[in-house]
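Below is one structure, written out as structure tokens; comments come after it.
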Ligand SMILES: [Zn+2]
């Protein structure tokens, strides 16, 4: 998941503490909240698998570079900003609990499914970032396990500051840097 830069608000469990609900209440609420998000994500994942397109040859190699084991399983859907990536208001409200503003979500990985705003078509940095999330899903072994950890990370560190997001962003930057370097002309003098 990636969103445009925005000011981060207090995270979910700090907000729980502020309301006097405490860590125990947070941990009690957490599985029920995330379970509903997971149910939505599994449906959306199926939808992407059904209507998405396989990656082009070029993007298959980007996926391999990002550590994806099964790039051939990936399907990609570009949706208009009007359609939105999160199409269920109840899920949008749950994501807001984690300070995730759905209007700012511009791309989302759902195991081997990726949804991106059509306006970002061809944006390799964002695609590379999402492909790294795909690799993370593969390591977790299932959508459920990934999302259970992912939202715990968002609740604990705040969006964009946890290990999964840092790993995705760092690897996307490494990919872009490598691409940039590969394009540079070799200016060293010819060997004598
Ligand atoms: Zn992300």
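In my numbering, the protein residues as written are 159 to 350.
Where a beta carbon is used, it is the ideal one built from N, C-alpha and C, also for glycine.
Since the structure is predicted, the reported quantities are computational estimates derived from the model, not experimental observations.
- From the listed residues 338, 269, 259, the smallest Cα separation to residue 228 is found for 269.
- The alpha carbon of residue 322 has as its nearest neighbour, out of 336, 251, 305, the alpha carbon of 305.
- Contact check for residue 192 against residue 309 passes: the beta carbons are separated by less than 9 Å.
- When rounded, the separation of the alpha-carbon atoms in residue 238 and residue 339 is 33 Å.
- Nearest in C-alpha terms to residue 202, of all of 233, 278, 184, is 233.
- Just measuring C-alpha positions, the residue of 266, 223, 224 sitting nearest residue 244 is 266.
- Within the segment 227-304, the complete beta strand (DSSP E) segments at least 3 residues long are 233-237, 263-268, 271-275, listed from N- to C-terminus.
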